[in-house]
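What follows is one structure encoded as structure tokens, with my remarks underneath.
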Amino acid sequence: MESRNGLVVTEHDKRILRDLALRVVEIAADPVQKIKADMWRRHNKLERIKPMVLVFPEGSWREMLPDSALNCESDFSRGLERELRVRIYYAEHLPDDNVIENIVYSPIVIKHSGWGLEAHSTRPEEATGAYHIDPVIHFEADIEKMTPPDFTVDWNLTIETENVMKDLFDDILVVKRRGIGNYGLAPLDHYATLRGIDNMFMDLVDNPQMVHKAVSRIVDGHISLIKRYEEY
Numbered sequence: 018m019e020s021r022n023g024l025v026v027t028e029h030d031k032r033i034l035r036d037l038a039l040r041v042v043e044i045a046a047d048p049v050q051k052i053k054a055d056m057w058r059r060h061n062k063l064e065r066i067k068p069m070v071l072v073f074p075e076g077s078w079r080e081m082l083p084d085s086a087l088n089c090e091s092d093f094s095r096g097l098e099r100e101l102r103v104r105i106y107y108a109e110h111l112p113d114d115n116v117i118e119n120i121v122y123s124p125i126v127i128k129h130s131g132w133g134l135e136a137h138s139t140r141p142e143e144a145t146g147a148y149h150i151d152p153v154i155h156f157e158a159d160i161e162k163m164t165p166p167d168f169t170v171d172w173n174l175t176i177e178t179e180n181v182m183k184d185l186f187d188d189i190l191v192v193k194r195r196g197i198g199n200y201g202l203a204p205l206d207h208y209a210t211l212r213g214i215d216n217m218f219m220d221l222v223d224n225p226q227m228v229h230k231a232v233s234r235i236v237d238g239h240i241s242l243i244k245r246y247e248e249y
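Counting from 18, one number per residue, gives the positions in the sequence shown under the numbering used here.
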């Protein structure tokens, strides 16, 4: 199965993904998942309950679930395979308070315009080796080159992705279309990728006003972007 936009799912991949989906459904049906979901509702209502625990392995996934552990062929299928295997790994090896659901989300395909200035870095051949940020902000005036980000939605690809996922999973998992699932904001990190970490630390001492100016521009840009998401 191949769509006009290259969403390739071979019969080989389909068998793997459906088998993994069945395992996810089995995990999601465990009563402990409902208990955890109820605990989160109580937690969010500020009821006094046990501390909730979330485990995020972050960079450790490259060792716990390396690319070599994936069996699907196409990039699209491998992305879905990784998502399902992560859920299964949590259930089998990381029994925290993450709730494993029988839902798979089909993303709204969002394309961002960028900030006018793009980060550059010099990286080694090793995937996890140290790298050096090549500054694109050299002077305070360069901050003005940063433009508020905007976005467009590729509805054709969004609908096509959803249809492919429904064809794969609809009799096993619930397929739901979703936009931004979570949103992270780290203004100083963003500034560091444009200015360089060593330069940023020097700026904090020698030119804090420059840091304030850049961070304000970054925060304002994010607020504007979030408002656009809400209005769309």
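Note that beta-carbon positions come from the ideal geometry of N, C-alpha and C, so glycine has one too.
Compute the Euclidean distance between the alpha carbons of residue i and residue j, then round it to the nearest angstrom.
i    : j    : result
T27  : D92  : 11 Å
I160 : W132 : 11 Å
I127 : R245 : 12 Å
I52  : I117 : 11 Å
P225 : S138 : 24 Å
M56  : G198 : 21 Å
E75  : K62  : 28 Å
D206 : S233 : 13 Å
R104 : N216 : 40 Å
L190 : N88  : 20 Å
E248 : F168 : 12 Å
V236 : M163 : 12 Å
H4   : V222 : Residue 4 lies beyond the range of the chain shown here (18 to 249); nothing can be said about it.
Which residue comes first and which comes last in the alpha helix (DSSP H) that contains residue i?
i    : result
Y208 : P204 to R212
Y13  : Outside the modelled stretch of the chain, which goes from 18 to 249, sits residue 13, for which no answer is possible.
D55  : P48 to N61
E109 : D92 to H110
V41  : E28 to A45
E80  : W78 to M81
Over what stretch of residues does the beta strand (DSSP E) that includes residue i continue unbroken?
i    : result
R195 : V191 to R195
Can you tell me whether residue i is buried or exposed, with buried defined as 16 or more other CB within 10 angstroms of its CB?
i    : result
R102 : buried
S94  : buried
T145 : exposed
L202 : exposed
F218 : exposed
V41  : buried
D188 : exposed
L185 : buried
G96  : exposed
I240 : exposed
A86  : exposed
G213 : buried
A147 : exposed
Y200 : exposed
Who are residue i's beta bridge partners in DSSP?
i    : result
T169 : K128
S123 : R194
T139 : H149
Once the 5 residues before and after residue i are set aside, which same chain residues still bring their CB inside 7 Å of it?
i    : result
M227 : E157 and D220
I176 : none
Y106 : M81 and L82
I33  : N88, C89 and E98
Within its chain, find whatever has a CB closer than 6 Å to the CB of residue i; leave out the 5 residues flanking it on each side and keep chain order.
i    : result
G238 : P165 and P166
S123 : T178, E179, M182, V192 and R194
R59  : I66
A108 : I44 and I117
Can you list, in chain order, the residues of its chain whose CB lies under 8 Å from that of residue i, leaving out five sequence neighbours each side?
i    : result
A136 : I150, V153, T210 and L211
Q50  : I44, V116, I117 and E118
H29  : C89 and E90
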